Structures are given as structure tokens and as C-alpha cells.
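Shown next, in C-alpha cells, is the structure this report addresses.
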Amino acid sequence: MSTIKTYSPSNHIQKNAHIESMTRYQELYQQSINDPERFWHEQAQSISWFKDYQQVKKINFNEAKIKWFTGGKLNACYNCVDRHVEAGLGQKTALIWAKDEAGQYEHINYQTLLEKVSQLANVLKSQGVQKGDRVCIYMPMVPQTIYAMLACARLGAIHSVVFAGFSSEALRDRIVDSGSKVLLTANEGLRGGRTIPLKDIVDQALDGQDIVQSVLVYQHTATAVNMQKGRDLDLTEQMQKQNTACPIEWMDSEDPLFILYTSGSTGKPKGLLHTTGGYMVYTSNTHKWVFDYHEQDIYFCAADVGWITGHSYIVYGPLANAATTVIFESTPVYPNAGRYWQIVEELKVSLFYTAPTALRAIAAEGNAWVTQHNRASLRILGSVGEPINPEIWKWYYDIVGEKRCAIVDTWWQTETGGILISPLPGATPTKPGCATLPLFGIKPEILDKNGQTIEGAGEGALCIADSWPGQARTIYKNHDRFYETYFSQYKGYYFSGDGAKRDADGYLWITGRMDDVINVSGHRLGTAEIESAIVEHHDVAESAVIGIPHDIKGTSIYAYVVLNHTSTEHNAEQWSDLIKNQVKTLIGSFAKPEHVHICKALPKTRSGKVMRRLLRKIAHKDFDTLGDTSTLANPECVETLIEQRKQMV
Ligand code: WT7
Numbered sequence: 000m001s002t003i004k005t006y007s008p009s010n011h012i013q014k015n016a017h018i019e020s021m022t023r024y025q026e027l028y029q030q031s032i033n034d035p036e037r038f039w040h041e042q043a044q045s046i047s048w049f050k051d052y053q054q055v056k057k058i059n060f061n062e063a064k065i066k067w068f069t070g071g072k073l074n075a076c077y078n079c080v081d082r083h084v085e086a087g088l089g090q091k092t093a094l095i096w097a098k099d100e101a102g103q104y105e106h107i108n109y110q111t112l113l114e115k116v117s118q119l120a121n122v123l124k125s126q127g128v129q130k131g132d133r134v135c136i137y138m139p140m141v142p143q144t145i146y147a148m149l150a151c152a153r154l155g156a157i158h159s160v161v162f163a164g165f166s167s168e169a170l171r172d173r174i175v176d177s178g179s180k181v182l183l184t185a186n187e188g189l190r191g192g193r194t195i196p197l198k199d200i201v202d203q204a205l206d207g208q209d210i211v212q213s214v215l216v217y218q219h220t221a222t223a224v225n226m227q228k229g230r231d232l233d234l235t236e237q238m239q240k241q242n243t244a245c246p247i248e249w250m251d252s253e254d255p256l257f258i259l260y261t262s263g264s265t266g267k268p269k270g271l272l273h274t275t276g277g278y279m280v281y282t283s284n285t286h287k288w289v290f291d292y293h294e295q296d297i298y299f300c301a302a303d304v305g306w307i308t309g310h311s312y313i314v315y316g317p318l319a320n321a322a323t324t325v326i327f328e329s330t331p332v333y334p335n336a337g338r339y340w341q342i343v344e345e346l347k348v349s350l351f352y353t354a355p356t357a358l359r360a361i362a363a364e365g366n367a368w369v370t371q372h373n374r375a376s377l378r379i380l381g382s383v384g385e386p387i388n389p390e391i392w393k394w395y396y397d398i399v400g401e402k403r404c405a406i407v408d409t410w411w412q413t414e415t416g417g418i419l420i421s422p423l424p425g426a427t428p429t430k431p432g433c434a435t436l437p438l439f440g441i442k443p444e445i446l447d448k449n450g451q452t453i454e455g456a457g458e459g460a461l462c463i464a465d466s467w468p469g470q471a472r473t474i475y476k477n478h479d480r481f482y483e484t485y486f487s488q489y490k491g492y493y494f495s496g497d498g499a500k501r502d503a504d505g506y507l508w509i510t511g512r513m514d515d516v517i518n519v520s521g522h523r524l525g526t527a528e529i530e531s532a533i534v535e536h537h538d539v540a541e542s543a544v545i546g547i548p549h550d551i552k553g554t555s556i557y558a559y560v561v562l563n564h565t566s567t568e569h570n571a572e573q574w575s576d577l578i579k580n581q582v583k584t585l586i587g588s589f590a591k592p593e594h595v596h597i598c599k600a601l602p603k604t605r606s607g608k609v610m611r612r613l614l615r616k617i618a619h620k621d622f623d624t625l626g627d628t629s630t631l632a633n634p635e636c637v638e639t640l641i642e643q644r645k646q647m648v
């Protein structure tokens with residue numbers, strides 16, 4: 000690995016850093032591994048407990064039983080809001096809402112945040128929401144979305160945020176699975192100058208089911224929408240009627256905080272459940288370490304709160320640290336590819352966090368979009384969601400960060416609740432494209448096919464040997480699936496689903512998913528989920544979905560589709576549109592296949608199993624290494640698939 004250039008931490012960052020050297024990192028890391036109870040007990044003092052916990056950790060990976068800070072009582076909203084106001088920070092800016100239109104901002108301080116959250120919590124109460132009830136949030140990136148999450152936390156209700164890019168069908172599935180009795184939405188979303196009919200989508204999702212009893216609608220734009228009597232209420236009107244104070248529900252450490260759905264390799268999306276105490280301890284401390292957060296920082300994470308990045312590193316982590324956190328309603332290319340850096344300049348952002356896919360999209364537009372904005376305020380640049388290619392890492396470092404900022408490539412998952420592997424800005428020498436080393440208390444292991452740990456350099460399945468406080472506790476209403484998915488393959492370990500390589504320096508390089516999960520523009524999708532959406536079309540007999548490399552998206556979706564004998568006449572382009580539309584309807588636009596390959600048959604083994612390996616190679620145009628196909632049940636289809644692939648653009 001000596002050919003790869005290493006970037007040492009800058010002196011100006013080390014000088015004030017929480018973790019100021021590699022020696023300090025190693026010392027703390029050893030302590031955290033040798034005596035996790037003591038280490039996490041010390042870290043837990045950074046949040047406020049209503050009642051002390053009795054035991055730091057109680058873990059049994061063999062039964063997927065995970066408990067942290069048992070017996071303790073606290074409230075996540077109190078930790079994110081009230082305690083800062085009590086400490087005299089009421090006038091400090093909590094949220095800066097960067098609206099869809101460039102240059103338009105709204106600042107909300109901690110005092111106002113407390114009042115708004117309390118009013119919204121009182122509205123929820125007026126709709127019968129109590130501790131343990133589920134509340135679905137299907138909202139654009141507006142302050143009311145953050146109020147709603149914190150209001151749920153205040154009452155002990157469990158929020159289930161559904162990304163506002165999901166279709167009505169996908170939304171309905173999540174409402175049904177979570178059993179949400181109240182839903183919050185907006186009349187319309189606004190993104191890149193275009194409107195998204197959120198309330199209409201909600202109406203479709205709720206059509207014919209009576210789980211949701213009230214819908215609170217935030218009037219975001221001037222457009223009037225249909226309001227169903229007895230069910231729908233105007234959120235702002237309701238909030239205005241309510242008191243600006245609302246008592247706090249003290250929760251057990253292990254009481255649920257939220258459910259968040261994510262895709263797996265099989266079956267329907269799973270509702271990962273996160274609980275209160277450990278999650279708050281983990282997100283606040285990792286936010287402090289990884290972004291080297293200090294009180295005067297302006298922190299901008301460009302994610303959507305519909306994903307775990309938004310939950311942990313727009314809302315809970317930063318607010319627990321009394322940070323100023325930016326919420327971004329628009330896209331990185333609206334009105335032009337300089338949008339991020341315009342915000343950095345106008346708000347004097349010091350800590351910035353985004354996904355490689357966004358960086359690739361704007362880098363392709365040229366450096367002038369970056370350099371025309373002043374970026375002197377920047378100190379730390381984060382990356383998340385997918386491997387960052389070394390070229391883009393260097394662009395981020397050289398062009399965006401002017402060789403002055405630390406790049407933190409953060410590896411984690413919906414299941415992990417917070418970052419597990421990342422450099423620390425003041426300590427870790429970095430290598431382009433490498434997530435580097437584990438955070439405190441994290442014990443990554445690389446396992447081979449036989450479940451043996453690989454010591455030193457090597458490649459295999461990325462597992463974690465012990466729990467950490469932010470870990471998901473279960474899949475909502477399906478603990479067996481939780482155990483099966485994460486704890487059954489490698490006994491005694493949490494299996495991430497990712498592969499990783501350890502180099503001679505002990506650095507970890509994430510090699511990508513080992514299962515049928517694909518990452519399209521940082522959005523996590525299961526191939527099985529897309530396939531079942533496609534086969535719902537009455538003209539489709541069968542489908543197989545593969546991920547193929549894409550310059551901007553990282554991975555794009557390649558769908559093989561076999562039509563029914565009775566299918567109606569269309570040309571290839573029409574079929575392609577029909578299939579894409581089908582996926583858009585059942586999942587959302589972001590899941591649409593890039594390529595639709597209509598074919599007569601899929602290659603199968605004699606036992607009827609689709610040969611995905613072969614399909615992957617054909618999609619990748621890797622025709623020379625197909626191997627022996629003569630043992631297939633239908634070897635003749637392979638030649639045709641290859642010919643068709645060659646014809647495709
Ligand atoms: C999957 C998790 C982490 C929050 C957003 C995504 C991939 C994530 C990295 C990284 C390489 C990464 C993994 C992981 N991933 N971060 N820094 N380098 N791959 O959360 O939707 O649960 O997806 O994203 O494959 O398993 P998610």
C-alpha cells in the first residue's frame with residue numbers, strides 16, 4: 000500500500016481538536032475496547048439523565064438481545080432542546096432552514112424551537128397520541144418536520160419518517176407495518192423549483208384503510224388541497240391554538256425512539272427500531288468526534304431526514320450537542336451546481352457532510368462553480384452512503400477544501416444508528432477512498448467464508464464483534480428476522496452485509512455489499528424489492544435486477560424482464576417506459592431502472608434457480624468470462640441475451 004499517498008492531519012485542525020493525535024486516538028481506543036463499561040459510562044455523562052441507569056450494557060448477540068444503560072430514564076427532546084435553553088442558550092440558532100429558492104434562509108433559535116416543538120406535541124396530544132403510539136412523518140425538508148420528530152420524542156411516541164420521494168404504495172406499506180395512527184404531511188413539497196403533490200400521495204396511500212385517524216397538513220405553498228372532514232387538519236392553525244409549554248414524558252433507556260424502514264436483500268423493507276438512551280449517547284458523541292464539533296461551528300449535513308443520516312446527523316446528534324444545524328430543502332444542482340458552496344459562503348459553514356453521488360454530479364459541471372464562492376469557513380468535509388472513489392476524494396480535498404480541510408469518509412448503516420468507521424480530523428492520516436479506522440468502542444473483524452477471523456491484511460465479510468450504544472435493537476414486530484439477517488451467519492458477531500479489505504497498515508476499505516442490496520445515488524434498494532414491483536405489471540412474467548456501475552449514481556439499475564406470452568404489443572422503448580413507470584408507482588422515482596432488457600427467458604439451473612452471476616456478467620458486458628453454461632436448463636438463451644446486450648446503448 001506504499002504507493003498510496005497518505006494525508007496527515009493539518010496542524011490548524013489538530014491544535015483545537017477533541018482528539019488531537021494518533022497517540023491519543025490509540026490510547027482512548029484501547030481503553031474503550033479493554034473496558035467498554037467504563038468507557039461508555041464516561042461518554043454517557045455528555046447527555047442528561049432524569050434517572051441514573053444501573054447497568055451500562057447487557058448484550059447477547061446469540062439471541063440478538065441488546066440493551067444499554069438499563070434502568071436509566073431520559074428524554075431525547077429534552078436533551079436536544081430544553082436543556083440548552085435552561086443552560087442559557089435560548090438565543091443560539093438551532094436550525095437554519097435553507098429554502099428551495101437560493102439565498103433564502105430562516106433562522107430558528109433554541110427558545111423558539113422549544114416553543115414550536117411543545118405546540119406541535121400538544122397538537123399530537125389533542126389527536127390522542129400517547130407514549131408508544133406510532134406517528135408517520137411524510138414531509139419535505141422544512142422546520143416543521145424537525146418539530147414533528149422532536150414532538151414525538153417529547154411525548155414518547157415513536158416516529159416513522161418516510162422519505163417524501165416514496166410513492167403512495169410504499170408509504171401505505173410503511174403505515175400499515177408501523178400501525179401509525181397520526182400522519183404529518185405538507186400540501187406540497189418543493190424541490191429544485193418543482194412541486195411534489197404530497198397530500199395527494201397521502202390520500203392515495205390512505206384510500207381504503209382506517210389505520211390513520213388524523214392527518215396534519217402543513218400548508219407549505221399557496222396551493223389549496225382537498226381536506227377530508229373529520230380526518231385532516233391544518234397543522235399551523237392547530238399549533239397556533241396550543242400552549243407553548245408541554246410536559247416531558249420520561250422514557251426508559253430502552254424505550255423506542257423511532258422506526259426507520261430500509262431495504263434488505265429479500266422481502267419487504269424492514270422497520271429498524273432504535274431506542275432512546277444508547278442512541279442519544281452514540282449520535283451525540285460520534286458527531287462531536289468525527290466532525291470535531293465545537294460550539295461556534297456551523298454544521299451543514301445535506302441529507303434528507305427521510306434517511307438515517309438525517310435522523311442521526313441533522314437532528315439528534317447535532318441538536319444534543321447544541322449545534323447550529325442547517326436543513327436543506329433543495330438539490331445540489333438548483334439553481335446551479337454551485338448551490339452547496341453558495342450556502343457555505345452565505346452561512347459560513349465550517350462542517351459539511353454529503354454523499355459521493357452529489358459530489359460526482361457537481362464535479363462534472365466544472366470547478367468554477369466551486370471556486371466562485373468563498374469557502375474559507377470550511378474545516379471538515381464528510382462523505383457518507385457509498386464508497387467515495389479516490390478521484391472524487393481528491394477533488395473534495397484539493398478543490399472544495401483547498402487542501403486545508405480534513406476529509407472524513409464515514410462508514411455506517413441504518414442498522415448502526417451512527418458512524419462506526421471514520422477518520423478523526425485531528426488524529427487520523429487519511430488515504431483517498433478509505434474509511435480508515437474504527438471509532439471508539441467499535442471492534443470490526445473481517446471474516447472469511449468459514450467464519451474465521453482474518454488477522455492482518457486480507458478481505459472478507461465486515462462484522463462487528465461487540466455491541467455499541469447506537470445499534471438498532473430489533474426489526475419492528477419481527478425479531479426473528481432481525482436475528483436471521485444480522486446475527487445468524489457469523490455466530491457471536493453482527494454482520495453488516497458489506498465486504499471490507501484490511502491493508503498492511505490496518506486501515507479498512509469498504510468493498511461494497513455482499514448481498515443483493517444496491518446503492519443507487521446513495522439510496523439503498525433491494526434487488527428483490529424492485530423485481531417484485533416489476534412483476535406486479537400484468538404483462539410481466541419474470542424479472543431479475545442487477546446493479547451496474549454508473550458515473551454519477553455509483554450504481555444504476557439494470558432490469559431483465561420476461562413478458563407473458565399474452566402480453567400486449569409494444570416496442571422496446573414503450574416497454575421500457577412502462578416498466579420504469581411501474582417501479583415509480585410502487586416504490587418511487589429514485590428506484591427507476593436505467594436499463595430495461597426485454598428478453599424471452601432468464602438463464603436457469605436445472606433446479607430452476609435464476610443464474611444471477613451470469614446475468615450480472617452480461618449486464619456488465621463481461622462476455623468473455625461466462626464460464627461453462629452447458630449445464631443450464633436453457634443454455635440457448637445465453638447467446639441471445641449477449642446479442643441483445645450488444646445492441647443496447
Ligand atoms: C450501506 C448502508 C450510512 C448512512 C447512509 C446510508 C453503504 C455507507 C459508506 C461508506 C462505503 C458505505 C454500505 C452500507 N455505505 N457509507 N463511507 N463507504 N459504503 O445508510 O441506507 O442504511 O446504507 O451504505 O454498503 O451497508 P443505509
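Be aware that the sequence shown starts at 0, since it is given in numbering that gives the first Met the number 0, and climbs by one per residue.
C-beta atoms are modelled at their ideal positions from N, C-alpha and C, and glycine is treated no differently.
Small disclaimer: the values here were computed from a predicted structure and weren't measured.
Inset, instruction - Check the C-beta distance from ALA655 over to VAL609 and give it rounded, since I have them as a contact under 8 Å. - result: Since the first and last residues shown for the chain are 0 and 648, residue 655 lies out of range.
Inset, instruction - Look up ASN373 in the DSSP assignment and say whether it is helix, strand or coil. - result: Correct three-state label for ASN373: coil.
Inset, instruction - Give a yes or no on whether the C-beta atoms belonging to TYR137 and VAL122 are separated by under 8 Å. - result: Not a contact, by the Cβ cut-off of 8 Å.
Legend entry - Which residues DSSP lists as bridging HIS106, in chain order: The beta-bridge partner set that DSSP reports for HIS106 consists of ILE95.
Inset, instruction - Using beta-carbon positions only, say whether ARG374 and GLU401 come within less than 8 Å of one another. - result: Yes, the Cβ-Cβ distance between ARG374 and GLU401 is below 8 Å.
Inset, instruction - Return the Cβ separation of ALA321 and HIS596 in integer angstroms, given the expectation that the two are a contact with Cβ distance under 8 Å. - result: About 52 Å separates the two Cβ atoms, so there is no contact after all.
Legend entry - Distance, LYS616 Cα to ASP447 Cα: Distance between the alpha carbons of ASP447 and LYS616 is about 24 Å.
Legend entry - Per-residue burial, MET226 [other beta carbons within 10 Å of its own, 16 or more giving buried]: Around the CB of MET226, fewer than 16 other CB atoms lie within 10 Å, so the residue is classed as exposed.
Inset, instruction - Using beta-carbon positions only, say whether LYS599 and VAL561 come within less than 8 Å of one another. - result: Against a cut-off of 8 Å, the Cβ pair of VAL561 and LYS599 comes out as a contact.
Inset, instruction - Helix, strand or coil for THR69, going by three-state DSSP, please let me know. - result: Strand.
Inset, instruction - Please classify THR484: does DSSP put it in a helix, a strand, or coil? - result: Reduced to three states, the DSSP call for THR484 is helix.
Legend entry - At least three beta-carbon pairs within less than 8 Å, the stretch 518–526 to the stretch 380–396: The stretch 518–526 vs the stretch 380–396: in contact.
Inset, instruction - Just the C-alpha distance for ILE258 and GLN42, rounded to the nearest angstrom, thanks. - result: When rounded, the separation of the alpha-carbon atoms in ILE258 and GLN42 is 25 Å.
Legend entry - Residues of its chain near PHE60, where Cβ-Cβ distance is below 6 Å and the 5 sequence neighbours each way are ignored: Within the same chain, PHE60 has close Cβ partners PHE486, GLY491.
Legend entry - Three or more C-beta pairs below 8 Å linking the stretch 72–89 and the stretch 165–182: They do not touch, by the three-pair rule.
Inset, instruction - With DSSP collapsed to three states, give me the class of MET0. - result: For MET0, the predicted model reports a pLDDT of 45, less than 50, meaning its position is unreliable and no value from the coordinates is stated.
Inset, instruction - Would you kindly work out how many angstroms separate the C-alpha atoms of VAL539 and GLN581, rounded to a whole number? - result: Between the alpha carbons of VAL539 and GLN581 lies a distance of about 11 Å.
Inset, instruction - Could you tell me if the beta carbon of THR222 falls within a distance shorter than 7 Å of some heavy atom in ligand 2? - result: The model on display carries ligand 1 but not ligand 2.
Legend entry - Per-residue burial, PHE49 [other beta carbons within 10 Å of its own, 16 or more giving buried]: Burial call: exposed.
Inset, instruction - Could you say which of THR427, THR415, ALA426 lies nearest to LYS442 if we only look at CA atoms? - result: Nearest option by C-alpha distance: THR415.
Legend entry - Identity of the residue in TYR559, VAL55, PRO317 nearest SER283 by Cα: Closest by alpha carbon: PRO317.
Inset, instruction - Just tell me which of PHE290, SER264, MET250 has its CA closest to the CA of LEU279. - result: One point to set straight first is that residue 279 is Met, not Leu, in the sequence displayed. Comparing Cα-Cα distances from MET279 to each of PHE290, SER264, MET250, the minimum goes to MET250.
Legend entry - Neighbourhood of PHE290 by C-beta distance below 6 Å, restricted to the same chain and skipping five residues each side: So the list reads LEU350, ILE379, once near-sequence residues are dropped.
Legend entry - Outcome for VAL343 when other beta-carbon atoms lying within 10 angstroms are tallied against a minimum of 16: It counts as buried.
Inset, instruction - Would you decide whether THR22 is buried or exposed? Buried here means 16 or more other CB atoms lie within 10 Å of its CB. - result: Exposed is the call here.
Inset, instruction - Using the Cα positions of LEU613 and LEU625, report the straight-line distance between them to the nearest angstrom. - result: Cα to Cα, the separation comes out at about 6 Å.
Legend entry - From ASN108, GLN239, LEU170, ALA221, residue whose alpha carbon lies closest to that of PRO268: The closest CA to that of PRO268, considering only ASN108, GLN239, LEU170, ALA221, is found on LEU170.
Inset, instruction - Run the proximity test for TRP306: is its beta-carbon closer than 7 Å to any non-hydrogen atom belonging to ligand 1? - result: Between ligand 1 and TRP306, a heavy atom-to-CB distance of less than 7 Å is present.
Legend entry - Given SER159 as reference, the closest of CYS135, PHE327, ASP172 once Cα atoms are compared: Check the Cα spacing between SER159 and each of CYS135, PHE327, ASP172: the tightest is with CYS135.
Legend entry - At least three beta-carbon pairs within less than 8 Å, the stretch 357–370 to the stretch 170–187: Result no; under three Cβ-Cβ pairs closer than 8 Å.
Inset, instruction - Go ahead and label GLU328 buried or exposed: buried means 16 or more other beta carbons lie within 10 angstroms of its beta carbon, across all protein chains shown. - result: It is buried - the Cβ of GLU328 has at least 16 other Cβ atoms within 10 Å.
Inset, instruction - Check LYS603 in the structure and name its three-state DSSP category. - result: LYS603 falls in the strand class under three-state DSSP.
Legend entry - Under 8 Å between C-beta atoms of ILE46 and SER466: Cβ atoms of ILE46 and SER466: not closer than 8 Å.
Inset, instruction - With a threshold of 16 other CB atoms inside 10 Å of the CB of SER650, please say whether the residue is buried or exposed. - result: Summary: the structure shown does not reach residue 650, with the chain confined to residues 0 through 648, and so no result is reported for it.
Inset, instruction - Can you tell me which of ALA471, ALA185, VAL116, ASP397 puts its alpha carbon nearest to the alpha carbon of THR370? - result: The shortest C-alpha separation from THR370 is found at ASP397.
Inset, instruction - Could you work out which residue in GLU444, PRO142, ARG338, VAL128 is closest to VAL399 when comparing CA atoms only? - result: Answer by Cα proximity: ARG338.
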